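Position one of the sequence shown corresponds to residue 3 (this note's numbering), numbered consecutively onward. Working notes, beginning with the structure itself.
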Amino acid sequence: MSDPTLRVGILGATGAVGQTFVRRLADHPWFSIHTLAASERSAGKPYREAANWLSSRPMPDAVTDMEVVPCTPNAVEADLVFSGLDSAVAGEIEADFAHAGFPVISNAKNYRMDPTVPLLIPEINPEHAALIDEQSWENGGFIVTNPNCSTVGLVCALRPLVEAFTVEAVQVTMLQALSGAGYPGVASLDALGNVIPYIGGEEDKLDEEPRKILGTYENGAIKEAKLAVSAQCNRVPVRNGHLACASVRFSEKISPEAAEEALRTYTSPVDVSALPSAPDRLVSVDSAPDAPQPRKHVYAGNGMTVTVGRIQACTVNHVKFVALSHNTIRGAAGGAILNAEQLVHEGRIQPVAA
Ligand code: NAP
């Protein structure tokens with residue numbers, strides 16, 4: 003396939019995830035940023051004024067003077083839209099765009115568990131994209147979602163284990179970065195030198211999303227995986243990178259060596275090497291005794307690889323490990339861009355004029 007060039011709109015372009023979209027799309031070989039949209043607070047302003055730029059890398063030149071528009075379909079000209087919208091408004095706005103005929107590639111939680119909406123990770127469940135055919139928006143639009151930023155690291159580490167063995171249950175303690183709360187997020191006086199053992203709604207998402215992602219596609223529906231996940235989520239004073247400390251119970255005793263072998267040898271069900279955002283490896287095993295660490299490993303695979311370490315026998319379950327993922331890249335914008343690339347590759351997204 004020759005490289006397509008598709009015009010993209012970013013909904014919620016001013017937020018933490020929206021800015022990650024901007025950074026990763028600025029020099030993308032297939033997609034070019036055509037429209038930046040946000041709330042009425044930002045609409046009408048140049049992007050450099052509307053966005054409180056969070057990255058240590060400069061704002062891409064191409065967007066600094068771009069005028070931010072409101073999140074309404076008639077204000078957006080694009081072949082597809084990415085959504086980094088606040089979930090309080092994402093439900094209605096994403097539906098408006100799907101009804102208007104746009105492919106909507108969303109990070110928000112609103113449609114993740116809808117039975118007709120794929121909760122997609124191309125290296126894990128590419129066949130779930132067929133759920134798009136079950137959607138019935140007017141004008142041929144559709145919605146595809148990616149998992150919650152805390153689910154994604156865990157589920158990428160679980161997938162090779164689920165494929166090789168029978169996983170019955172997982173206990174996981176999450177240590178989640180501040181950027182996961184968006185901007186301005188957690189007040190500095192609450193965050194610094196502290197751990198907050200509560201992130202609203204997060205534990206429920208970790209309980210339900212893995213069953214859908216690891217489920218099987220059959221006749222237009224997902225048959226959920228039989229797997230119990232018990233999660234405890236903590237906000238920690240780390241900038242980027244969610245750490246999952248997990249302990250897994252299998253149907254029979256599995257050694258840490260066998261689990262590590264499954265993690266090291268996992269290959270995606272489809273070849274994703276043609277997709278520009280796909281890393282060489284979904285999961286990388288690091289056997290250093292103190293790995294993985296957010297500061298050292300969060301940018302593995304350009305932020306798209308999940309690093310797994312500390313694979314050990316567990317005296318309560320069978321095997322325990324630690325998995326690290328970048329929450330605004332693999333857990334948000336990078337994951338969504340990879341989903342869009344897979345859908346383009348499959349011919350499900352095409353230039354509107356084609
Ligand atoms: P954020 O920094 O608070 O950004 C929210 C965005 O939504 C801003 O662009 C904001 O525009 C826009 N917005 C708010 N109200 C709006 C309205 N009424 N109409 C149109 N736009 C509106 O949040 P975030 O952390 O980027 O998260 C964005 C979404 O991604 C959320 O659904 C979140 O749950 C999800 N997510 C976040 C992460 C993460 O690690 N941060 C990971 C995975 C998924 P203004 O600037 O104009 O207000």
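Even glycine gets a Cβ: it sits at the ideal position worked out from N, Cα and C. Being a predicted model, the structure only gives us computed values, none of them experimental.
Within a Cβ cutoff of 6 Å, which residues of the same chain sit near residue i, ignoring the five residues on either side of it in sequence?
i                 : result
serine 249        : Gln173, Cys316, Asn319 and Lys322
alanine 338       : Phe84, Ile107, Asn109 and Asn148
phenylalanine 167 : Phe252 and Ile256
proline 199       : Asn236
glycine 311       : Asp288, Ala293, Pro294 and Val324
cysteine 73       : Leu13, Ala39 and Ile95
serine 270        : Glu125
threonine 175     : Gln234 and Cys247
leucine 177       : Asn236, Val238 and Leu245
Within a Cβ cutoff of 8 Å, which residues of the same chain sit near residue i, ignoring the five residues on either side of it in sequence?
i              : result
glycine 203    : Lys111
arginine 26    : Ser279, Ile331, Ala335, Gly336 and Ile339
asparagine 221 : none
alanine 28     : Ile35, Pro62, Ala64 and Val65
alanine 159    : Ala246, Ala248, Leu265, Val285, Val308, Val310, Phe323 and Ala325
leucine 277    : Pro124, Leu340, Glu343, Gln344 and His347
Could you tell me which residues DSSP puts in a beta bridge with residue i?
i              : result
glutamine 234  : Thr175
tyrosine 219   : Ile224
isoleucine 198 : Arg237
glycine 86     : Answer is none; glycine 86 lacks a bridge partner.
lysine 322     : Ser249 and Gln314
serine 57      : Answer is none; serine 57 lacks a bridge partner.
serine 327     : His244
glutamate 69   : Pro48
Please return the same chain residues whose Cβ sits closer than 7 Å to the Cβ of residue i, not counting the five positions on each side in sequence.
i              : result
alanine 356    : Confidence at alanine 356 is low in this model, with a pLDDT of 47, below 50, so the placement of that residue is unreliable and no value is reported for it.
isoleucine 215 : Leu121, Ile123, Ile126, Asn127, Pro149 and Val157
valine 19      : Gly86, Asn109, Thr330, Ala334 and Ala335
alanine 45     : Val70, Val71 and Pro72
leucine 56     : Ala18, Gln21 and Tyr185
proline 162    : Ala264, Leu265, Tyr268 and Val285
threonine 118  : Leu133, Glu136 and Gln137
proline 242    : For the sequence presented, residue 242 should be read as asparagine rather than proline. Excluding positions up to five away in sequence, the list reads Ala179, Ser181, Pro296, Val300, His328, Asn329 and Thr330.
asparagine 341 : Ile107, Leu122, Pro124, Val146 and Asn148
alanine 226    : In the sequence under discussion, the amino acid at residue 226 is glutamate, which differs from the alanine named in the question. Around glutamate 226: Arg213, Lys214 and Gly217.
serine 261     : It is worth fixing the name first, because residue 261 is alanine in this sequence and not serine. Around alanine 261: Leu163, Ile313 and Val321.
asparagine 54  : Tyr185
For the alpha helix (DSSP H) containing residue i, name the first residue and the last one.
i                : result
phenylalanine 99 : 89-101
phenylalanine 23 : 18-27
isoleucine 347   : The sequence shown places histidine at residue 347, rather than the isoleucine named in the question. From DSSP, the alpha helix (DSSP H) with histidine 347 extends over 336-347.
threonine 66     : 63-66
alanine 52       : 49-52
For chain E, check one thing: does any of its Cβ atoms lie closer than 8 Å to the Cβ of residue i?
i           : result
leucine 191 : Among the chains of the structure shown, chain E does not appear; only one protein chain is present.
Along the beta strand (DSSP E) that carries residue i, what are the first and last residues, could you check?
i          : result
serine 190 : Where serine 190 is concerned, there is no enclosing beta strand (DSSP E), although the alpha helix (DSSP H) it sits in stretches over 190-193.
arginine 9 : 8-13
alanine 39 : 33-40
Discussion item. Please give me, in chain order, every unbroken run of the alpha helix (DSSP H) with length at least 4 that falls completely inside the stretch 272-318.
Written reply: 296-299
Practice prompt. Identify every run of the beta strand (DSSP E) within the stretch 101-182, keeping only runs that are complete inside it and at least 3 residues long; order them along the chain.
Written response: 105-108, 144-147 and 169-178
Practice prompt. Any chance you could list the beta strand (DSSP E) runs of at least 3 consecutive residues sitting entirely within the stretch 221-267, in chain order?
Written response: 223-225, 230-237 and 244-252
Discussion item. Across the stretch 292-305 and the stretch 221-234, are there enough close Cβ pairs to call them in contact, namely three or more that are closer than 8 Å?
Written reply: no
Practice prompt. Inspect the CB distances between the stretch 36-49 and the stretch 69-84 and report whether three or more fall short of 8 Å.
Written response: yes
Worksheet item: Between the stretch 277-296 and the stretch 306-313, do three or more beta carbon pairs fall short of 8 Å?
Response: yes
Worksheet item: Are the stretch 7-27 and the stretch 56-72 touching by the rule of at least three beta carbon pairs closer than 8 Å?
Response: yes
Item to complete: State whether the stretch 86-96 contacts the stretch 44-62, with contact taken as three or more CB pairs (one from each stretch) at a distance under 8 Å.
Response: no
Discussion item. Could you check whether the stretch 184-199 touches the stretch 135-154, counting it as contact only if at least three pairs of C-beta atoms, one from each stretch, sit closer than 8 Å?
Written reply: no
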